[in-house]
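*Asks:* Handing you this structure, nothing more for now.
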Amino acid sequence: MSALSEWLFGVDNLTPHGFCLLWEPGLIWLFAISDGLIALAYFSIPLALVIIGQRRADLVFRPLLWLFAAFILLCGATHWLDVVTLWKPLYGVQGIVKAATAIVSVGTSVALWWWLPSFLALPSPDQLRKANAALLESEARLAHAQKMEAIGQLTGGIAHDFNNVLQVILGSLGVVERQLARGRAEEIGPSIGAIRKATNSAANLIDRLLAFSRRQTLLPRVVAPDRLVVGLEDLLRRTLGGGIELDLRLGRCRRNVVCDPSQLESALLNLAINARDAMPKGGVLEIATADRRREADAGEPDIAPGDYVEISVTDNGAGMSRDVLAHVFEPFFTTKPVGRGTGLGLSQIYGFVKQSGGFVRIDSAPGKGTAVRLYLPGRDPPNAAPAEAVAAPERTPERPAAPCGKTLLVEDQLEVRMQIADTLEEMGCEVIEADDGSAGLEVVESDERLRLLVTDVGLPGVSGRQLAEAARAARPDLPILLITGYAGKSLDSLDPASNIEVLRKPFTLEELTTRVRALLARTAAAQ
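Under the numbering used here, think of the first position of the sequence shown as 8, with each following residue one higher.
Right, dumping it as structure tokens:
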């Protein structure tokens, strides 16, 4: 240790710089430590610059970055040699390193002055903020223009289809009036049938528009996807015809989904019809289900990570081009001939799936068929799957009709209220009518022994949703039928129960009768 200490702190070995540093060990070590730290920093800076250059491919003036790295690295080497020459006179090596440092320094200096105008031309942070604001403003104007174009297209499509519907209704009413004036009431049947068909077409069109806009009133249920597809098999085969083979690939799905089963059935039928039209010479339609796990993706922030059920519908038909794929979800966009499609099928499917918390993917190419995959949020089933996992309210088993008794009917539209009241009275109900929610709430909070509440959702003042909640709080077992033409999101958070149902307008009086009887029977069976 004494020999090492003598070598480090003694003055005999400091000949190279001893004269310059006055043979002071403290002064010499001050230089050594300072140069060593400077060299260490100079060696670490180029490493950071190399990492930045490799990971940021978008950097401008990249060659200058490498020049700076080389220059700083050589500067670090000169400081390191300054430490070495305190003990060893390696002035030749030091001179070579200094020469290399000089060359790189001059090159870096020239490059800096050469690129100085370009540096000064780079936008400042304030300029970037202003440019970004201008870009956002132009994007907003473009989005508004595209929105207005879409609204124009949507308006034109609605006008076309509804004018056709109205023409059928008005023309058929004219025929009915003429036949009645001639005393030929027995000949108005075809015109009545045409009016009924036209109104059904209008109702379907409204449903599809609401589904596209994600404002449709859905009736969610726990659905077992495999069972739903199996239940549709016969209808799908009849829809596809004999020239198309239906291939069901089920069994890979263990999860359930919560959605409106009738809307999911409609979506699958729409996709089957599209596939059939894409395979005029026959082919294979494959429907498969599977559990999928979705991880977070920064490129698609609107899709929540989690467990999904994938329902894929794949055909080997004509396929679609990239241009067509870019527009398939737009309302009234269709490649079918006039009269063979409204252009609302895929937009309806898209809206229904998005409103149910899922997303849609389409893969297609000309001549290679089309694959449409619906992803709905999955739910792990209980140990014993419920027997009614796919049942919708319309499929409630027939039971003996329950007594109707006193029924509160709340509807602000007089003509609609009169029609519903007449139908309920024909069923044996004693109807109490109210024309707004406040009047209905007074009856609910009274001592009337009600057996049924039928209320519109869109009421002035107290809404149908609020009235239903008040009725459930005061009379938990009271059957409630909510009627809606458009409920927006007012029913989204309504807790489903066995004694509450939703009936969408327009509906037939026969459908109203069926739903009321099923609701009363189911409620009576649950008590």
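We put the CB at the ideal spot given by N, CA and C, even for glycine.
Below 7 angstroms CB to CB, which residues in the same chain sit around Gly324 once its five sequence neighbours on both sides are set aside?
*Replies:* Taking the sequence shown and counting its residues from 1, the one referred to as residue 324 is at position 317. Counting only Cβ-Cβ distances below 7 angstroms, and skipping sequence neighbours, we find Ala282, Ala285, Met286, Gly290, Gly376, Thr377.
*Asks:* Compute the Euclidean distance between the alpha carbons of Leu431 and Leu415, then round it to the nearest angstrom.
*Replies:* Taking the first residue of the sequence shown as 1, we reach residue 431 at position 424. Taking the first residue of the sequence shown as 1, we reach residue 415 at position 408. Rounded to the nearest angstrom, the two C-alpha atoms are 10 angstroms apart.
*Asks:* Helix, strand or coil for Ile318 per DSSP?
*Replies:* The count along the sequence shown starts at 1 and reaches residue 318 at position 311. The answer is strand: DSSP assigns Ile318 an E or B state.
*Asks:* Inspect the beta-carbon positions of Thr246 and Leu271 and report whether they are closer than 8 angstroms.
*Replies:* As a position in the sequence shown, residue 246 is number 239, starting the count at 1. As a position in the sequence shown, residue 271 is number 264, starting the count at 1. Against a cut-off of 8 angstroms, the Cβ pair of Leu271 and Thr246 comes out as no contact.
*Asks:* So, is Ile487 buried or exposed, given that buried needs 16 or more other C-beta atoms within 10 angstroms?
*Replies:* Residue 487 sits at position 480 when you count from the first residue of the sequence shown. Answer is buried; the Cβ neighbour count reaches 16.
*Asks:* Does the Cβ of Ile294 have 16 or more other Cβ atoms within 10 Å, making it buried, or fewer, making it exposed?
*Replies:* Locating residue 294 in the sequence shown gives position 287, where the first residue counts as 1. The residue in question, Ile294, is buried, as its Cβ has 16 or more Cβ neighbours within 10 Å.
*Asks:* With distances taken from CA atoms, which of Ser198, Glu455, Ala147 is nearest Gly412?
*Replies:* Counting from 1 along the sequence shown, the entry for residue 412 is found at position 405. Of the candidates Ser198, Glu455, Ala147, the one whose C-alpha sits nearest the C-alpha of Gly412 is Glu455.
*Asks:* Along the beta strand (DSSP E) that carries Asp267, what are the first and last residues, could you check?
*Replies:* Here the question's residue 267 lines up with position 260 in the sequence shown. Where Asp267 is concerned, there is no enclosing beta strand (DSSP E), given that its DSSP letter is neither H nor E.
*Asks:* Taking Leu516 as the reference, give the member of Val367, Met434, Leu466, Ala531 with the closest Cα.
*Replies:* Here residue 516 corresponds to residue number 509 of the sequence shown, with the count starting at 1. The shortest Cα separation from Leu516 among Val367, Met434, Leu466, Ala531 belongs to Met434.
*Asks:* Quick one: using the 10 Å Cβ neighbour count with 16 as the cut-off for buried, is Leu421 buried or exposed?
*Replies:* Here residue 421 refers to the residue found at position 414 of the sequence shown. Classification for Leu421: exposed.
*Asks:* Within 8 angstroms, do at least three Cβ pairs link the region 89-104 to the region 53-62?
*Replies:* Not touching, per the Cβ criterion.
*Asks:* How close, in whole Å, do the beta carbons of Gly444 and Gly471 come, if the pair is a contact with beta carbons under 8 angstroms?
*Replies:* For the purposes of this step, residue 444 is taken as residue 437 along the sequence shown, with counting starting at 1. For the purposes of this step, residue 471 is taken as residue 464 along the sequence shown, with counting starting at 1. Indeed they touch by this definition, with Cβ atoms about 7 angstroms apart.
*Asks:* Please state whether DSSP places Gly364 in a helix, a strand or coil.
*Replies:* In the sequence shown, residue 364 corresponds to position 357, counting from 1. Of the three classes helix, strand and coil, the one that applies to Gly364 here is coil, per DSSP.
*Asks:* At 4 residues or longer, what runs of the alpha helix (DSSP H) sit wholly inside the region 414-462?
*Replies:* Runs found: 421-433, 444-451.
*Asks:* Can you have a look at Leu88 and say buried or exposed, based on whether 16 or more other CB atoms are within 10 angstroms of its CB?
*Replies:* As a position in the sequence shown, residue 88 is number 81, starting the count at 1. Buried, since its Cβ has 16 or more Cβ neighbours within 10 Å.
*Asks:* Within the same chain, show all residues whose beta-carbon is closer than 7 angstroms to that of Asp387, passing over the 5 residues directly before and after it, in chain order.
*Replies:* Taking the sequence shown and counting its residues from 1, one reaches residue 387 at position 380. Same-chain partners within the cutoff: Arg262.
*Asks:* Going by DSSP in three states, Ala398 sits in which element: helix, strand or coil?
*Replies:* Translated into the one-based positions of the sequence shown, residue 398 becomes position 391. Only weak support is given to the placement of Ala398: the predicted model assigns it a pLDDT of 40, under 50, and the question is left unresolved by the model.
*Asks:* Should Thr296 and Pro227 be called a contact, given that it needs their Cβ atoms to be closer than 8 angstroms?
*Replies:* For the purposes of this step, residue 296 is taken as residue 289 along the sequence shown, with counting starting at 1. For the purposes of this step, residue 227 is taken as residue 220 along the sequence shown, with counting starting at 1. Not in contact: Thr296 and Pro227 (Cβ atoms no closer than 8 angstroms).
*Asks:* Whole angstroms are fine: how far does the CA of Ala141 sit from the CA of Tyr49?
*Replies:* As a first step, residue 49 is located in the sequence shown; it is residue number 42 there, counting from the start. As a first step, residue 141 is located in the sequence shown; it is residue number 134 there, counting from the start. Rounded to the nearest angstrom, the two C-alpha atoms are 42 angstroms apart.
*Asks:* Give the C-beta separation of Thr108 and Leu74 to the nearest angstrom, bearing in mind that I take them to be a contact with Cβ-Cβ under 8 angstroms.
*Replies:* Here residue 108 refers to the residue found at position 101 when the sequence shown is read from its first residue. Here residue 74 refers to the residue found at position 67 when the sequence shown is read from its first residue. Going by Cβ atoms, the distance from Thr108 to Leu74 rounds to 12 angstroms, so no, they are not a contact pair.
*Asks:* At the level of alpha carbons, what is the spacing between Val236 and Arg136?
*Replies:* Start at 1 with the first residue of the sequence shown, and residue 236 comes out as number 229. Start at 1 with the first residue of the sequence shown, and residue 136 comes out as number 129. Cα to Cα, the separation comes out at about 53 angstroms.
*Asks:* Could you tell me which residues DSSP pairs with Gly412 in its beta bridges?
*Replies:* The count along the sequence shown starts at 1 and reaches residue 412 at position 405. Per DSSP, Cys436.
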